[in-house]
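S.K.: Numbering-wise (this note's numbering), the sequence shown opens with residue 248 and increments by one.
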Amino acid sequence: MRGHNVQRFSLHTPMHCVGLYCLTALLVFTGTTGQSRADWYEVKSENFVFYGDVSEDTARRLVTDLEIYRSAIVMLSGQEAGPEVRPVHIFGANNSSGLRRLTGRADIAGLYTVGDDYPIFVMDTSEGFNDDGDSRGVALHEFAHHVIRSHTSYYYPLWYNEGFAEYLASFIAEENTVTIGQPNSYFASSLNDRWMDIDDVLSAVTRYPESKGSRRDGEMRYQFYGITWLAVHYIQNTKEMSDRLPDYISAINEGLDPIEAFESTFEMTTEEFRLALVRYHRTNRYQVIRFTFEEEIIAGQITVRKLDEREEDLTTILSRLEFIPFGENGQNRRDDMRKLLEETEAKYGLLPVIGDGWVSLELAERDYDAAVERGEAVAAAHPEDSTALRAVADAYFHRYQWGDEKDIEDVKQARAYFARQLAIDPTNPTANDHYPTTFLYDREVPDEMAIEAVAFMVNYQRSPYYMSMYLDMAEVMLLAGYLEDSCWLVDHVEILVRNSAREAAERTDDEEEEASEDNGPPHITDENNLQHLERLKSELGDRCPS
């Protein structure tokens, strides 16, 4: 972006196995199940921070192996081995009920999300991190999603995304030898039953195939994960198909019909592919990839600390911040959070993470005035703290964005606080996203800090998956007079925006009800994104280069 170091990603750039989506290496979590888990540990490395009540050795090994995993991906994809912009934070819950208290979900063993300050995934650590435990597979699967969304500039269809994450989670490591491809997917047993229609699977580009029964049809999802794992395993280990995979991904990103894209690039019908998968499954012989790895990457880089009572209490709040529910269905969990904040503040005073918790809670309650009041209090108490500044800036930002009464002074206050935060925490993703967005509300010309924030965001979140962000940044660049950059940002997401809006319009009544459940913040719909896209296209007119 004209001297602003925004890397552009052409969908026509030659790919070698589509970057991270070809040959990769995995790690192994080793640990002793059954050891005392009464103590909480913090384990830090350059790219990861883990909090959980597992044994010290297990916690250390988890982070060590994650570093090996990440280094192997970087090595094999030919990328620069730079550190994560924001370390990935991992929170371990010691049982399924603990995981439910954090996320509100009872049907999962782990969850990945993009947090206000860093990527987050939470996982059930009750089985330890041994080779057969769910925690190990969940951690690998969820981290794969992080890699997919953060380090690739292509959009991968949902079926391949999920199948590839399962494929990665199949690794075995012994000393310095890493093996990938063992048929140990949790979902593989579903292949012994009736298979899903292959066209339904390959048409799952932005959303899961429509359930034929309940909107929470677990059997359908179970089958979907099983067949996508098998499909990716077959493609990865069939040279004719892996060679053509880049063309298929490009065709999807160019907006080709998913079935047409598959058949034209792989030069086989979907029925022929189904039969090939059936034969592959029946042989029960799965090729694996094996290579050696010299473990010298992270020596001396990992620190392990046992948390004291105060740190445990604050970490408990920290782990829940991204999962405070909105709406009537979340009232009980919000009441629990309020009680936790009151008790913790009574013990330690208004610390930044506590103030951040109060702002998040009041926003979830839709009490925007209270959120601003809480934010001002924590910013006054900690005027140089990044978390405190983000909390108050967020309060003003969302009062304007979500509230019924619009006061442009809220925008200016949010901008001022985000500017202060960026001065001391220049890689904070929320500040970099929201600061330039404030200019869209008062229509002032974006300043240099806003342009730099746009540059940061499009390098931090490279995937077109982040459609709303790209559209906002495109409008900021247009407002600032950077026409060419605005055109590129629009082009990067246009196909996915249109496909997502079309598929959303085809949802069943049950799916629409599920999508509109009142358990999250006011959100931007696929239709909103389409309207934003059309407005930008109209303003840009024929001024974009062909």
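All C-beta atoms in this analysis are idealised placements derived from N, C-alpha and C, irrespective of residue type, glycine included.
Keep in mind it's a predicted model, so treat the numbers as computed, not measured.
Looking only at its chain, what residues have a beta carbon closer than 8 Å to the beta carbon of HIS393, apart from the 5 residues adjacent to it on each side?
M.R.: So the list reads VAL335, TYR359, PRO366 and PHE368, once near-sequence residues are dropped.
S.K.: Residues in its own chain within less than 6 Å of GLU501 by CB, not counting five upstream and five downstream?
M.R.: Counting only Cβ-Cβ distances below 6 Å, and skipping sequence neighbours, we find nothing.
S.K.: What residues in its chain sit with their C-beta under 6 Å from that of ASN484, if we drop five residues either side in the sequence?
M.R.: GLN534.
S.K.: Considering PRO676, what are the terminal residues of the alpha helix (DSSP H) in which it resides?
M.R.: First-last of the alpha helix (DSSP H) with PRO676: 676-689.
S.K.: Go ahead and pull the three-state DSSP assignment for ILE367.
M.R.: ILE367 falls in the strand class under three-state DSSP.
S.K.: Going by DSSP, which residues form a beta bridge with VAL551?
M.R.: DSSP, once it has assigned bridges, lists VAL290 as partnering VAL551.
S.K.: Is there a Cβ from chain C that is less than 7 Å from the Cβ of GLU656?
M.R.: Going by chain labels, chain C is absent from the structure shown, which holds only one protein chain.
S.K.: Secondary structure at LEU346, three-state DSSP: helix, strand or coil?
M.R.: DSSP places LEU346 in helix when its eight states are reduced to three.
S.K.: Quick check on the DSSP output: what are the complete alpha helix (DSSP H) runs of length 4 or more inside the segment 570-598, in order along the chain?
M.R.: The segment 570-598 contains these whole alpha helix (DSSP H) runs: 578-595.
S.K.: In or out: GLY329 buried (at least 16 other Cβ within 10 Å) or exposed?
M.R.: That one is exposed.
S.K.: Please identify the residue among PHE297, PHE338 and VAL452 whose C-alpha is closest to the C-alpha of SER566.
M.R.: Residue PHE338 is the option with its Cα nearest to SER566.
S.K.: State the Cα-Cα distance for the pair LEU346 and PHE471, rounded to the nearest angstrom.
M.R.: Cα-Cα distance, rounded: 24 Å.
S.K.: Starting from ALA663, follow the alpha helix (DSSP H) in both directions and report where the run begins and ends.
M.R.: Start and end: 655-671.
S.K.: How many Å lie between LEU273 and ARG454 at the Cα?
M.R.: For LEU273, the predicted structure reports a pLDDT of 33, less than 50, and the residue's modelled location is therefore unreliable. The matter cannot be settled from this model.
S.K.: When we look at the beta-carbon of PRO630 and count the other beta-carbons within 10 Å, is it buried (16 or more) or exposed?
M.R.: Counting Cβ neighbours within 10 Å, PRO630 comes out exposed, since fewer than 16 surround it.
S.K.: Taking all protein chains shown into account, do 16 or more other C-beta atoms lie within 10 angstroms of the C-beta of ASP444, making it buried, or fewer, making it exposed?
M.R.: Its Cβ having fewer than 16 others within 10 Å, ASP444 is exposed.
S.K.: Just the C-alpha distance for LEU387 and PHE509, rounded to the nearest angstrom, thanks.
M.R.: So the two alpha carbons sit approximately 27 Å from each other.
S.K.: According to DSSP, simplified to helix, strand and coil, what is ILE337?
M.R.: Looking at ILE337 - three-state DSSP - the assignment turns out to be strand.
S.K.: Closer than 7 Å by C-beta to LEU730: which residues in its own chain qualify, once you throw out the five before and the five after it? Chain order, please.
M.R.: So the list reads ARG790, once near-sequence residues are dropped.
S.K.: Going by the CB atoms, is the gap between TYR298 and THR562 shorter than 7 Å?
M.R.: In this structure, TYR298 lies closer than 7 Å to THR562 by Cβ.
S.K.: Please go through the same chain and pick out, in chain order, the residues whose beta-carbon is closer than 6 Å to the beta-carbon of THR530, but skip the five residues on each side of it.
M.R.: Here the set comprises nothing.
S.K.: Hey, would you say MET704 sits closer than 7 Å to MET724, going by beta carbons?
M.R.: In this structure, MET724 does not lie closer than 7 Å to MET704 by Cβ.
S.K.: Would you identify the three-state DSSP class for VAL535, choosing helix, strand or coil?
M.R.: VAL535 falls in the coil class under three-state DSSP.
S.K.: Which of helix, strand or coil does DSSP assign to VAL361?
M.R.: Strand.
S.K.: Around the Cβ of HIS645, are there at least 16 other Cβ atoms within 10 angstroms (buried) or fewer (exposed)?
M.R.: Answer is buried; the Cβ neighbour count reaches 16.
S.K.: Skipping 5 residues on each side, what residues in its chain have a beta carbon closer than 7 Å to that of ILE671?
M.R.: Excluding residues within five positions, the ones whose Cβ falls inside 7 Å are GLU631 and SER633.
S.K.: Counting only the same chain and skipping the five closest in sequence on each side, list residues whose C-beta sits under 8 Å from that of TRP287.
M.R.: TYR298, GLY299, ASP300, LYS553, LEU554, GLU558, GLU559 and THR562.
S.K.: Specify the secondary structure class of ILE771 as computed by DSSP and reduced to three states.
M.R.: Correct three-state label for ILE771: coil.
S.K.: By the DSSP assignment, the alpha helix (DSSP H) with PHE411 in it spans what residues?
M.R.: Looking at the DSSP string, the run of the alpha helix (DSSP H) that includes PHE411 is 405-415.
S.K.: Take the Cβ of HIS770 as the centre, count every other Cβ of all protein chains shown within 10 Å, and call the residue buried at 16 or more, exposed below.
M.R.: Answer is exposed; the Cβ neighbour count stays below 16.
S.K.: Using CA coordinates, which residue listed in ASN746, TYR595, ALA751 and VAL740 is at the minimum distance from LYS798?
M.R.: There is simply no residue 798 to check, as the chain begins at 248 and stops at 793 in what is shown.
S.K.: For GLU592, tell me which candidate among ILE564, LEU568, ASN576 and GLY574 has the shortest Cα-Cα distance.
M.R.: Nearest of ILE564, LEU568, ASN576 and GLY574 to GLU592, Cα basis: ILE564.
S.K.: Short check: CB of VAL606 to CB of ALA627, under 7 Å?
M.R.: Contact flag unset, no.
S.K.: To the nearest whole angstrom, what separates the beta carbons of VAL658 and ASP689, a pair I think is in contact under 8 Å?
M.R.: Contact flag correct, Cβ pair sits at about 5 Å.
S.K.: Among all the DSSP beta bridges, which residues are the ones paired with TYR298?
M.R.: According to DSSP, which records beta bridges pairwise, TYR298 is partnered with GLU289 and PHE338.
S.K.: With a cut-off of 8 Å, do at least 3 Cβ pairs link the segment 401-419 to the segment 474-494?
M.R.: With a cut-off of 8 Å, the segment 474-494 and the segment 401-419 count as touching, because enough Cβ pairs lie within range.
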